[in-house]
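Residue numbers (my numbering), protein chains in the order written: chain D, 3 to 508; chain R, 3 to 508.
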């Protein structure tokens with residue numbers, strides 16, 4: 003009990019409210035985790051009602067009139083919401099969430115949840131049968147509802163802005179377009195140059211690796227990275243993900259493929275990157291309006307950094323390759339370190355983002371953004387998507403899906419209503435290299451440290467410049483503070499050119 | 003949409019409220035399960051606040067004035083709450099929960115939660131150090147709070163009634179005393195007779211059994227019993243338990259001991275008995291005021307039935323023993339079925355209920371009841387408990403704990419404030435045999451069926467006479483309906499005498 007209270011009564015009220023919302027959101031996250039990891043199928047119906055109940059409680063808590071009044075009082079109390087204090091930022095972030103949520107009529111939210119629930123089942127069936135017509139009416143409804151949602155936020159520069167903002171606070175469609183327009187020709191040119199060269203062999207990766215040793219290796223690598231096992235777990239699911247139930251409990255999942263010895267390892271490093279971000283947010287933001295991450299792109303910058311800039315680097319493998327050869331002598335005993343390194347960095351156009359190498363990855367994102375913008379603007383029709391998809395795949399990657407399951411139905415995002423999400427994947431790639439360059443500029447020995455299996459400089463730098471701030475800064479402001487610039491494509495393009503220039507002798 | 007609605011608007015309102023309370027309670031159960039099975043230790047603080055939040059939401063929902071009004075309206079609408087309709091019973095059961103909950107001031111509830119949280123930690127430390135003085139002040143506070151709680155329910159026949167009623171609805175302390183008074187001398191006499199005989203050898207059980215095969219066996223046995231894996235799971239915890247998140251998701255846990263090959267198997271059968279009860283409640287009671295079980299004793303009757311009446315029977319082992327010999331030939335290859343059967347039914351006074359055989363088990367309960375009644379009545383003092391405990395152990399079981407960890411500090415119940423809980427363990431034993439006798443009377447072939455590995459008559463009978471009713475009937479009424487009599491000790495005593503008479507040649 004200090005006689006100089008640091009936190010006003012109203013601010014404490016806001017923090018308490020945020021704490022309850024965090025608790026509810028983490029409870030929902032636990033239910034989602036359990037559903038994907040351990041729940042028997044008989045549990046799904048009631049898990050649905052339980053999760054909907056928590057969602058409704060959160061909505062009620064966030065949108066009550068009392069909250070509006072509290073925020074207005076706090077604005078008056080705090081003054082400039084862009085000021086660099088936790089209080090100002092807490093009010094700003096919470097107010098934004100409140101205003102977005104109160105703009106959306108409850109029936110529209112309910113319909114969206116109902117439609118996406120049905121759409122998920124339809125998408126599963128459509129993909130299994132490779133029949134877009136099963137999914138088409140659901141996707142049509144989703145697009146209609148997303149347009150209705152976006153229009154609630156008029157006036158805007160672009161109808162896609164509101165969707166993008168849900169995942170990437172403060173980012174505008176025009177910003178993304180400008181970045182992608184600069185990126186596309188250079189990336190296309192690089193891919194063309196690579197395509198003219200002899201590809202490295204990666205057949206030793208595309209085979210069965212003993213699962214038990216894959217797990218041993220994955221756990222060893224992320225332990226060295228700094229993943230905190232006292233505050234996290236690793237479990238198995240069909241699709242790897244990261245989730246958190248508080249700063250003290252951040253969990254990742256992976257899966258071991260029968261015909262690919264690299265997939266689980268890179269995916270584990272990726273998810274550990276996400277998880278270490280969650281584990282690294284300042285303790286003072288626990289159960290607080292600023293408890294979240296800055297954005298999905300910033301989150302993705304962390305996962306891609308550990309997966310690619312660290313995990314696919316020469317230095318990383320100079321340290322870990324002997325251990326890997328020990329575990330898998332039949333497969334790798336006669337594969338040199340250099341051949342291994344070139345193999346895991348082979349560039350090869352693929353049908354789906356999750357299988358893409360670093361050089362082709364962003365092409366999948368740009369394709370998706372163009373289609374999503376077309377749907378939202380009205381220039382593209384849902385019925386034409388299979389054709390549009392296939393022709394863009396040919397244009398961007400030089401390959402054509404053999405059916406809709408491999409093409410327009412390939413992933414889950416649209417069935418969940420996630421339009422506006424994809425650009426964050428590419429922005430995350432760009433941000434990862436931008437952060438990496440700054441880290442190297444300040445710590446020129448990092449490559450040597452990696453070669454010695456040391457990662458604390460990297461994690462410490464990310465903790466200091468990114469993780470600790472939680473949701474205090476919007477992504478562009480955070481990047482500006484950390485690197486001196488908003489998200490920009492040059493570092494990424496330079497990185498790709500240098501890396502693949504060497505591997506492919508360009 | 004029928005034009006003859008079966009459910010009135012108000013009844014539907016009650017059902018919706020019960021559904022939300024069930025959802026919240028199941029959410030809390032999931033958090034508890036995860037905490038014991040998978041949660042990293044860093045998650046515990048926030049899990050505590052999350053769980054407390056759900057508890058508060060439940061309390062608010064249950065005790066709101068609206069609920070009182072709704073129940074009053076429904077009572078008028080439904081009439082006789084003892085009538086045999088679901089509606090009447092739903093109102094009765096819900097009203098009882100409402101009245102109990104509203105009688106307890108929120109600060110008292112909060113203090114109880116706070117004290118038991120601290121008490122648990124103190125108990126862990128006290129037991130580790132075998133030092134009762136560490137736990138004593140907490141236990142004193144718990145006893146004081148339980149007395150304060152019980153007195154809220156004045157007038158009563160006995161101060162212990164209100165505590166007992168929380169676990170065993172409608173059961174009175176006087177009923178339990180009467181049953182135990184009848185039971186005690188007969189059970190003591192039986193134990194005396196057994197003590198004079200040569201004990202069977204059970205050393206082949208008290209050794210290491212390969213964990214992997216123990217799990218294989220446990221899963222095989224309960225699958226044959228009828229445990230539904232589409233609506234359940236088996237995981238590992240330090241202390242086995244059953245929990246449910248809905249009728250479609252009922253989970254059990256077990257643990258494999260290094261020096262006892264029987265413990266996990268019997269515990270798995272026990273928990274499966276609980277779980278099959280949860281899986282067997284009528285679907286119409288899902289998310290409904292009658293969704294629960296009749297009582298803890300009825301629950302325990304199911305677990306003890308599968309563990310003991312089935313799982314420790316000759317017929318059970320005549321079917322399963324060959325499989326067990328196959329899995330563990332080094333240990334059991336030269337142990338005859340009869341020696342095995344006698345070994346797993348060896349009677350031996352033990353320090354703690356969970357390790358007790360069928361013949362000594364109830365003695366632990368009677369000891370505990372006497373102490374709990376003494377504490378509540380005021381005739382016993384917390385400070386004297388170590389001495390009282392030890393002298394009663396000597397009196398009832400002929401053994402004396404070598405320290406308080408083995409004695410008065412042996413289990414978790416009191417630290418959690420669970421006074422009034424223990425009698426249900428013994429009542430469950432009695433009920434299990436009473437149900438068993440009735441089942442055999444109606445199905446004389448059940449023993450033969452067990453010897454053939456068939457258990458559907460047993461599970462079917464329990465489904466029909468016990469499981470399906472959920473919380474519709476109070477335990478004594480349910481037993482009366484199922485067996486023609488309230489809970490009574492004779493069948494149990496006869497069972498013990500017959501079984502051990504044969505094993506010990508009395």
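Cβ atoms here follow ideal geometry from the backbone N, Cα and C, with glycine treated the same way.
CA-to-CA distance, residue j to residue i, given in whole angstroms
i, j, result
"residue 364(D)", "residue 428(D)", "5 angstroms"
"residue 487(D)", "residue 185(D)", "17 angstroms"
"residue 154(D)", "residue 218(R)", "57 angstroms"
"residue 163(D)", "residue 59(R)", "37 angstroms"
"residue 387(D)", "residue 306(D)", "29 angstroms"
"residue 90(D)", "residue 289(D)", "17 angstroms"
"residue 99(D)", "residue 151(D)", "15 angstroms"
"residue 122(R)", "residue 110(R)", "18 angstroms"
"residue 373(R)", "residue 182(R)", "14 angstroms"
"residue 292(D)", "residue 92(D)", "6 angstroms"
"residue 495(R)", "residue 124(D)", "60 angstroms"
"residue 376(D)", "residue 161(D)", "11 angstroms"
"residue 76(D)", "residue 14(R)", "42 angstroms"
"residue 173(D)", "residue 179(D)", "11 angstroms"
"residue 516(D)", "residue 323(R)", "As shown, chain D starts at 3 and ends at 508. That puts residue 516(D) outside it, with no answer to give."
"residue 489(D)", "residue 414(D)", "27 angstroms"
Three-state class that DSSP yields for residue i in the structure shown
i, result
"residue 490(R)", "coil"
"residue 83(R)", "coil"
"residue 337(D)", "coil"
"residue 400(D)", "coil"
"residue 300(D)", "helix"
"residue 209(R)", "coil"
"residue 230(R)", "coil"
"residue 253(D)", "strand"
"residue 350(D)", "coil"
"residue 389(D)", "helix"
"residue 4(R)", "Summary for residue 4(R): the model assigns pLDDT 44, below 50, so the residue's position carries little reliability; its value from the coordinates is reported in the next sentence. Of the three classes helix, strand and coil, the one that applies to residue 4(R) here is coil, per DSSP."
"residue 18(R)", "helix"
"residue 237(R)", "strand"
"residue 246(D)", "strand"
Buried or exposed (CB count within 10 angstroms, at least 16 for buried), residue i
i, result
"residue 328(D)", "exposed"
"residue 225(R)", "exposed"
"residue 74(D)", "exposed"
"residue 94(D)", "buried"
"residue 25(R)", "buried"
"residue 166(R)", "buried"
"residue 309(R)", "buried"
"residue 81(R)", "exposed"
"residue 3(D)", "For residue 3(D), the predicted structure reports a pLDDT of 42, less than 50, and the residue's modelled location is therefore unreliable. The matter cannot be settled from this model."
"residue 30(D)", "buried"
Interface residues of chain C facing residue i [CB-CB closer than 9 angstroms]
i, result
"residue 232(D)", "Looking for chain C here will not work: the only protein chains present are D and R."
Presumed contact (8 angstroms Cβ cut-off) between residue i and residue j, rounded CB distance
i, j, result
"residue 311(R)", "residue 434(R)", "6 angstroms"
"residue 266(R)", "residue 220(R)", "6 angstroms"
"residue 491(R)", "residue 439(R)", "Wrong, their Cβ atoms sit about 13 angstroms apart, outside the cutoff."
"residue 401(R)", "residue 351(R)", "5 angstroms"
"residue 16(D)", "residue 96(D)", "6 angstroms"
"residue 302(R)", "residue 426(R)", "6 angstroms"
"residue 263(D)", "residue 354(D)", "Between residue 354(D) and residue 263(D) the Cβ distance is about 19 angstroms, and since that is not below 8 angstroms, they are no contact."
"residue 453(R)", "residue 338(R)", "17 angstroms between Cβ atoms; not a contact."
heavy atom of the ligand FAD below 7 angstroms from residue i C-beta
i, result
"residue 392(D)", "As for the ligand FAD, it is missing from this structure, which has no ligand bound."
_Across the stretch 471 to 482 of chain R and the stretch 246 to 259 of chain R, are there enough close Cβ pairs to call them in contact, namely three or more that are closer than 8 angstroms?_
Contact between the stretch 471 to 482 of chain R and the stretch 246 to 259 of chain R is not established, with fewer than three Cβ pairs separated by less than 8 angstroms.
*Are the stretch 404 to 419 of chain R and the stretch 118 to 133 of chain R touching by the rule of at least three beta carbon pairs closer than 8 angstroms?*
Touching, yes.
*Would you call the stretch 236 to 246 of chain D and the stretch 38 to 52 of chain D in contact, with 3 or more CB pairs under 8 angstroms?*
The stretch 236 to 246 of chain D vs the stretch 38 to 52 of chain D: in contact.
*With contact counted as at least three CB pairs below 8 angstroms, one residue from each stretch, are the stretch 133 to 152 of chain D and the stretch 105 to 125 of chain D in contact?*
Under the 8 angstroms Cβ criterion, the stretch 133 to 152 of chain D counts as touching the stretch 105 to 125 of chain D, having at least three qualifying pairs.
_Touch test, the stretch 292 to 307 of chain R against the stretch 456 to 476 of chain R, Cβ-Cβ under 8 angstroms, three pairs minimum_ = Yes: the two stretches touch, three or more of their Cβ pairs being nearer than 8 angstroms.
*asked:* Pairs of beta-carbons, one from the stretch 329 to 338 of chain D and one from the stretch 186 to 199 of chain D, closer than 8 angstroms: are there three or more?
replied: At 8 angstroms Cβ cutoff, the stretches do not touch.
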